[in-house]
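Asks: One structure, as structure tokens, below. Some questions next.
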Amino acid sequence: MPDLRTDATTRAAYVSDASIYRRVPAGVVEPRDAAAVREAVRWARQEGMAVTSRGGGTSVAGNSIGTGLVIDTSRHLTAIDVDAENRTATVQPGVVCDSLREAARAHGLTYGPDPSTHSRCTIGGMVGNNACGSHSVAWGTSAQNLHAVRMVLADGSEFEAHRGGCSDPRIEADLRALVTENEDLIRRELGRFPRQVSGYGLHYLLPEHGFDVAKALAGSEGTCGVFTELTVALVEPPAATVLVVLGYDDVFAAATDAARLRLPGVTTIEGMGADLIAALRTRPGREDAGSTLPSGQAWLYCEVGGTDDADARRAAEELVATARTSAARDRGDAFRLVTDPAETRALWGIREAAAGIATRRADGGEAWPGWEDSAVPAEHLADYLRDLYALMDRMGLSGIPFGHFGEGCIHVRIDFDLGSEQGVASYREFIENAADIVAGHGGSVAGEHGDGRARSELLSRMYSPEMLALFARFKGIFDPDDALNPGVLVEPEPIDEGIRPGPGLRTHVTIPVHALGRDGGDFASAVNRCVGVGACRSDAGAMCPSYQATRDEVHTTRGRARVLAEMLRGEFLTDGWRNDDALEALDLCLSCKACATECPVNVDMATYKAEFLHHHYARRVRPLSHYSMGWLPVAAAAVTSLRLGGAVNRLMRIRPIERAVMAAAGVETRRRMIAFAEHLPFQGWFRERARRGDGPQVDDSPARETLVVWPDTFTNHLTPQVGVAAVEVLEALGHEVVIPTGPVCCGLTWHSTGQLEVTKAALCRTLDALEPHLDAGHRIVGLEPSCTVMLTEAPELLPDDPRAERLAELVTTLAEVVAPHANDPESPWPFDEVDAAAVAQVHCHQKAKGTYDPDTAVLQRLGVDLDVVGGGCCGLAGNFGFEPGHYEVSQACAERELFPKVECCGESDLVLADGFSCRTQIAQGTDRTATHLAEVLRRALRVRS
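Using my numbering, the letters of the sequence shown map in sequence onto residues 394 to 1338.
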């Protein structure tokens, strides 16, 4: 069958979604059109396989996993047709929510449902699970925004549904009979409040809803058919909005107020507690997150719309006035009206990342979905939360709540112990009790995102046996043999069956070389950071470049985490750390480190890849590229110390020789060889200058700071002009500059190829060389971003050496040294204005682990009109782009934004890139040469030393 994948790597990547459940599929297919969907369903039936539909795989209930054939529509079924006149869009199921919203925006419209995963969840999945999102207060659920569907039934036939009927006379007759015979039961038990999503939406078949078969199929979770096309409603968003943030003493007070704030013009009423902010502030670089929130221990985000800015502000002030009168609010002045777009995005970013943030508590403990998406009528939310908290207290559990308070829907991640049989039994006890509590408040175990494997068993606790029989009858009309997503909604699988982080996860765990301090030194815990929310599938950031290039789930951060987890489990991926399927999954990881920051739970796949390669190749022959590029520091030093750089460079300009040498070294022959320093390496220049006495006059003033410029391999042996420029710039600013003597290295190239013992040895030599400077408190100025970040991560490899921690504290960048001079009118500023436009490629490691803000400040002071490339990694990524099999992905990453922006530059415009890899990629992929910040500053010096 076309596009069928049955390899172990793919199957391992698809074992889970964003839930706690694990099911190993027999195969995965990525159909290219509706005909291929029909063929896939028929083939699966012939083979005796069940069929599971999957979109972005962001389901928190285990809806999109199964042991049969998984049909992933997200890769190819992505067509969009907007009908602006009728305010509808007809889409294929794999269309991402944000893609539809972007297409609608061109017509002044939007798609109303917007889950926090809107940057990667698909319309097919949203409708399948009846997703809602923060704006459901104004625009309703996915079901309420659905006009028509096309789908493939279990027998492979096509089916269409809409308001008033469907394309199959037999099915329509059976559905009409179902409704006619059970109208009173349906009215009594279904459609009682907006977020009652559990079960099938049979109330949409009632006469008062126009016998809407399409809406009844929303929330069917792939149990009735495989969607191939959906027609959805579009809405007109308000012309202007204001975000009102209200502070409360606790989540109960916030929940009490939420229902009464459903006022005209209010489009969101989202809630979260202070424990979510506390968890977020433990993340690297997020220590100040939420600092602009008003005082309180809980908050409501209320977005208010209007016809213009003034109208929106008036509506916001009316909302605040209403909130001030609330008996639930002791903090009458704890509110903020936010109109700045950047701050609004930052505050919404906290809420939208909550599902990931909440899986790692502030104390480092794990928390899990499971009791997720429960909902009650909004006026009962506070009482429900009190009872839920009491249950957690009674069972010794704690959770981080957040969610759609204005609609009574709560998300919560709870610190269940899922790693032991006793813990799993406790999980079942909690879930059953919680289901009884939510039913007692007239609520629903699912308020969005469906029931899946997490909640289907619980339907018997909120519905009568008659309603459960009606659900089974409804499914049987479409899928009489239970071939479509079995175990969900009807004849449900147990809620504690097949838990992914459950017992058996750590079969092949060993003591890692990396400290993995945030995860207790446990590689399995590190891998299990990935809860599956799928931010790595988004186009909205730098993560994950290999997925953005391939659109393959295997090549997401999540896919790799799942494969590594299966490797550790050892059930169907055998051989432990020697497993080649895990090696394949990690092969296209660029080690860009975007996931270490952009992933809501800071999965650090670059570190995991280095750790895996270390164990995989232990006492084995490695690929040639690991030797040729891993040992580049030694080879480059040999070339330049023997003054052979010029001769080697000239020889490598002869293309047949260059290709032969590169092939022998095991690297990509479509690349060009890097060039070595033709004269002195950077350290040699510095020594020679000192011998000649050409340096600046030494100022013994105690105010003169001594800085250590780090002679990384790339600066020292390949581009010494960058180091020379940095020295001259720093000295012109009044600093005393020194550099380490002797061979020193951060170990980056060995680390990226998984040669961790060599990396540690290199770092130990570095610490020995730097020890006097560390003792003196001299800052270490890094010029190559990847090496700079590697120095800051020395404690991960040398956790018992206090010098490593001191080194990490003292490492800085050139821009961080220069920026205070740029911002302080009293400081010396010996630079003329450059007065030029520039495109800047920020090195992926700097973007992930540092900041470009100081660079921006310096360039602005120089008069540079800056355009920063937003696409993340350049694609070369050190050794990655030179390794065989990576060239196409490497180039695709650059073509995403870097190359187009560089190619659009004017001849006089600057192209800036501090990373050697970035400059190499630009030089080999365009006709431009990129420049380091140090070189820009040196050219701007009024008087050079």
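C-beta atoms are modelled at their ideal positions from N, C-alpha and C, and glycine is treated no differently.
Using the Cα positions of GLU1209 and ALA1250, report the straight-line distance between them to the nearest angstrom.
Replies: Numbered from 1 along the sequence shown, position 816 holds the residue referred to as residue 1209. Numbered from 1 along the sequence shown, position 857 holds the residue referred to as residue 1250. Cα-Cα distance, rounded: 10 Å.
Asks: Would you tell me roughly how many angstroms separate the C-alpha atoms of GLU1343 and PRO1133, rounded to the nearest one?
Replies: This structure leaves residue 1343 out entirely; the chain is present only between 394 and 1338.
Asks: Does VAL1329 come out as helix, strand or coil in the three-state DSSP assignment?
Replies: To locate residue 1329, count along the sequence shown from 1; it is residue 936. VAL1329 falls in the helix class under three-state DSSP.
Asks: For THR1206, list the residues DSSP reports as bridge partners.
Replies: The residue labelled residue 1206 in the question sits at position 813 within the sequence shown. DSSP lists GLY1175 as partners of THR1206.
Asks: Under three-state DSSP, which class holds ASP561?
Replies: Mapped onto the sequence shown, residue 561 falls at position 168. In this structure, ASP561 counts as coil in the three-state DSSP scheme.
Asks: Quick one, which of ARG676, ALA405 and PRO395 has its alpha-carbon nearest ALA958's?
Replies: Walking along the sequence shown from the start, residue 958 turns up at place 565. Answer by Cα proximity: ALA405.
Asks: Report back the beta-carbon spacing between ASP973 and LYS986 to the nearest angstrom; my notes put them in contact at under 8 Å.
Replies: Looking up residue 973 in the sequence shown gives position 580. Looking up residue 986 in the sequence shown gives position 593. With a Cβ gap of about 25 Å, ASP973 and LYS986 do not count as contacting.
Asks: In terms of alpha-carbon separation, which member of HIS1171, GLY796 and LEU778 lies closest to HIS842?
Replies: Counted from its first residue, the sequence shown places residue 842 at position 449. It is GLY796.
Asks: Taking the straight line between their C-alpha atoms, what separation do you get for CYS1139 and THR1108?
Replies: Within the sequence shown, residue 1139 is the residue found at index 746, counting from 1. Within the sequence shown, residue 1108 is the residue found at index 715, counting from 1. Between the alpha carbons of CYS1139 and THR1108 lies a gap of roughly 13 Å.
Asks: How many angstroms separate the CA atom of LEU669 from the CA atom of PRO424?
Replies: Indexing the sequence shown from 1 puts residue 669 at position 276. Indexing the sequence shown from 1 puts residue 424 at position 31. If you take the alpha carbons of LEU669 and PRO424, they lie about 39 Å apart.
Asks: Could you spell out where the alpha helix (DSSP H) holding ASP780 opens and where it closes?
Replies: As a first step, residue 780 is located in the sequence shown; it is residue number 387 there, counting from the start. First-last of the alpha helix (DSSP H) with ASP780: 774-787.
Asks: So, does the region 642-661 touch the region 607-626, judging by three or more C-beta pairs under 8 Å?
Replies: no
Asks: For the structure I just gave you, are there three or more beta carbon pairs, one from the region 1317-1326 and one from the region 1283-1299, closer than 8 Å?
Replies: yes
Asks: Under three-state DSSP, which class holds CYS1286?
Replies: The residue you call residue 1286 lines up with position 893 of the sequence shown. Here CYS1286 sits in helix by DSSP.
Asks: Could you pull the DSSP bridge partners for PHE1224 from this structure?
Replies: Residue 1224 sits at position 831 when you count from the first residue of the sequence shown. PHE1224 pairs with LEU1334.
Asks: Excluding five sequence neighbours on each side, which residues of the same chain lie with their C-beta closer than 6 Å to the C-beta of GLU1198?
Replies: Position 805 of the sequence shown, counted from the start, is the residue given in the question as residue 1198. The answer, listed in chain order, is PRO1188.
Asks: Taking the CB atoms as reference points, tell me whether HIS1061 and TYR1280 lie closer together than 8 Å.
Replies: Your numbering for residue 1061 matches position 668 in the sequence shown. Your numbering for residue 1280 matches position 887 in the sequence shown. Here residue 1061 is Glu; the residue named in the question, His, does not match the sequence. In this structure, TYR1280 lies closer than 8 Å to GLU1061 by Cβ.
Asks: Of all the CB atoms in chain B, is at least one closer than 8 Å to the CB of ARG706?
Replies: Any reference to chain B falls outside this structure, which holds one protein chain only.
Asks: Could you tell me the alpha carbon to alpha carbon distance between VAL920 and VAL1182, rounded to whole angstroms?
Replies: As a first step, residue 920 is located in the sequence shown; it is residue number 527 there, counting from the start. As a first step, residue 1182 is located in the sequence shown; it is residue number 789 there, counting from the start. Straight-line Cα distance between these residues: approximately 22 Å.
Asks: State the start and end residues of the unbroken beta strand (DSSP E) segment that holds GLN1234.
Replies: Residue numbering aside, residue 1234 sits at position 841 when the sequence shown is read from its first letter. Looking at the DSSP string, the run of the beta strand (DSSP E) that includes GLN1234 is 1230-1234.
Asks: Starting from the N-terminal side, write out each stretch of the beta strand (DSSP E) that is 3 residues or longer and does not extend beyond the region 1230-1273.
Replies: 1230-1234 and 1258-1261
Asks: By the 10 Å Cβ neighbour count, where 16 or more other Cβ atoms means buried, how is CYS1297 classified, buried or exposed?
Replies: Residue numbering aside, residue 1297 sits at position 904 when the sequence shown is read from its first letter. Here CYS1297 is exposed, its C-beta having fewer than 16 other C-beta atoms within 10 Å.
Asks: Using C-beta distances below 8 Å, list every residue in its chain close to GLU1226, excluding the 5 sequence neighbours before and after it, in chain order.
Replies: Here residue 1226 refers to the residue found at position 833 when the sequence shown is read from its first residue. So the list reads LEU1255, GLY1256 and ALA1333, once near-sequence residues are dropped.
Asks: When you compare only the Cα positions, how much space is there between ALA1070 and THR1112?
Replies: By 1-based counting over the sequence shown, the position of residue 1070 is 677. By 1-based counting over the sequence shown, the position of residue 1112 is 719. ALA1070 and THR1112: Cα-Cα distance of roughly 6 Å.
Asks: GLU1071 by DSSP, collapsed to three states: which one?
Replies: Start at 1 with the first residue of the sequence shown, and residue 1071 comes out as number 678. Reduced to three states, the DSSP call for GLU1071 is coil.
Asks: Quick one: what's got a C-beta closer than 6 Å to GLU765's C-beta in the same chain, skipping five residues either side?
Replies: Walking along the sequence shown from the start, residue 765 turns up at place 372. Counting only Cβ-Cβ distances below 6 Å, and skipping sequence neighbours, we find VAL453 and HIS804.
Asks: If I'm right that HIS1236 touches CYS1180 with Cβ under 8 Å, what's the distance once you round it to whole angstroms?
Replies: Within the sequence shown, residue 1236 is the residue found at index 843, counting from 1. Within the sequence shown, residue 1180 is the residue found at index 787, counting from 1. Between CYS1180 and HIS1236 the Cβ distance is about 10 Å, and since that is not below 8 Å, they are no contact.
Asks: Return yes when the Cβ of LEU863 is within less than 8 Å of the Cβ of LEU571, no when it is not.
Replies: Indexing the sequence shown from 1 puts residue 571 at position 178. Indexing the sequence shown from 1 puts residue 863 at position 470. Yes. Within cutoff.
Asks: Alpha carbon to alpha carbon, what distance is there between LEU693 and ALA775?
Replies: Numbered from its first residue, the sequence shown carries residue 775 at position 382. Numbered from its first residue, the sequence shown carries residue 693 at position 300. Those two C-alpha atoms are separated by around 13 Å.
Asks: Roughly how many angstroms separate the alpha carbons of SER939 and CYS982, rounded to a whole number?
Replies: Against the sequence shown, residue 939 aligns to sequence position 546. Against the sequence shown, residue 982 aligns to sequence position 589. Spanning the two alpha carbons is a distance of roughly 7 Å.
Asks: Can the beta-carbon of ILE1067 be found closer than 8 Å to that of GLY763?
Replies: Residue mapping note: residue 1067 aligns to position 674 of the sequence shown, counting from 1. Residue mapping note: residue 763 aligns to position 370 of the sequence shown, counting from 1. The answer is no: Cβ separation not under 8 Å.
Asks: On the criterion of 16 or more Cβ atoms from any shown chain inside 10 Å, does ARG1337 qualify as buried, or is it exposed?
Replies: For the purposes of this step, residue 1337 is taken as the residue at position 944 of the sequence shown. Residue placement at ARG1337 cannot be trusted, given a pLDDT of 48 that sits under 50; the coordinates are not used to answer.
Asks: Indicate whether the contact test is met: 3 or more Cβ pairs, each with one atom in the region 634-641 and one in the region 693-702, closer than 8 Å.
Replies: yes
Asks: I'd like the list of long-range same chain contacts for SER535, defined as Cβ closer than 6 Å, with 5 residues on each side in sequence excluded.
Replies: Taking the sequence shown and counting its residues from 1, the one referred to as residue 535 is at position 142. Once the five neighbours on either side are set aside, the close Cβ partners of SER535 are PRO506, MET519, VAL520, ASN523, ALA524 and ALA611.
Asks: Compute the Euclidean distance between the alpha carbons of VAL994 and THR1033, then round it to the nearest angstrom.
Replies: For the purposes of this step, residue 994 is identified with residue 601 of the sequence shown, where counting begins at 1. For the purposes of this step, residue 1033 is identified with residue 640 of the sequence shown, where counting begins at 1. For VAL994 and THR1033, the distance between alpha carbons rounds to 43 Å.
Asks: Could you check where the beta strand (DSSP E) with VAL817 kicks off and where it finishes?
Replies: In the sequence shown, residue 817 corresponds to position 424, counting from 1. Segment 814-833 is the alpha helix (DSSP H) holding VAL817; no beta strand (DSSP E) there.
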